[in-house]
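Numbering of the sequence shown is given in this note's numbering, commencing with residue 1 and proceeding in unit increments.
Accompanying notes for the structure given below.
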Amino acid sequence: ISCTLHSGFRGGFIFPLFYIGSVVGLAISLGFPQIHPTIAMVCMMAAVNVAITKTPISSTVILSVIADTSMVPVIVIASLTSFLLTTQVSLIKTQRSRTVTAGEYQPTAKMPAPVIAAGVVTQA
């Protein structure tokens, strides 16, 4: 993973992870000829990307656009399986945790005070 991410390839994390997933999927389909190569590649692209970035919805949407829409159920299953199996694993050091314990949440946004424009008459 480090070689593809630090090789200077454009696309940030996403496209190198898709490349890794497609290569692993192709290797799996060569090892198990009963699995169609396209299905194996798309499933592994989703699984690897979700395992690293923890973005199952956006990975599913991106791969659904890249691949055929008939593969959406397979992509969703691969994404959710990968997400559930890797929830406790964080490979990106700067990735924020999404867990909030009870009583810990404090809203940060405040409602602005209402502004009345000069010359506007409001009826009571």
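C-beta atoms are modelled at their ideal positions from N, C-alpha and C, and glycine is treated no differently.
Please read all numbers here as calculations on a predicted model, not as lab measurements.
- Scanning its chain for C-beta atoms nearer than 6 Å, with the 5 sequence neighbours on each side dropped, one finds around Ser22 the residues Met41, Met45, in chain order.
- Around the CB of Ile57, fewer than 16 other CB atoms lie within 10 Å, so the residue is classed as exposed.
- Ile75 is a Cβ neighbour of Thr60, given a cutoff of 7 Å.
- Assigned with DSSP and collapsed to three states, Ser22 falls in helix.
- In the three-state DSSP reduction, Thr53 falls in the helix class (H, G or I).
- Counting every other CB atom within 10 Å of its CB across the protein chains shown gives Val65 a total below 16, marking it as exposed.
- Where Phe13 is concerned, there is no enclosing alpha helix (DSSP H), because DSSP gives it neither an H nor an E.
- In the DSSP assignment, Ala78 falls within the unbroken alpha helix (DSSP H) covering 72 to 85.
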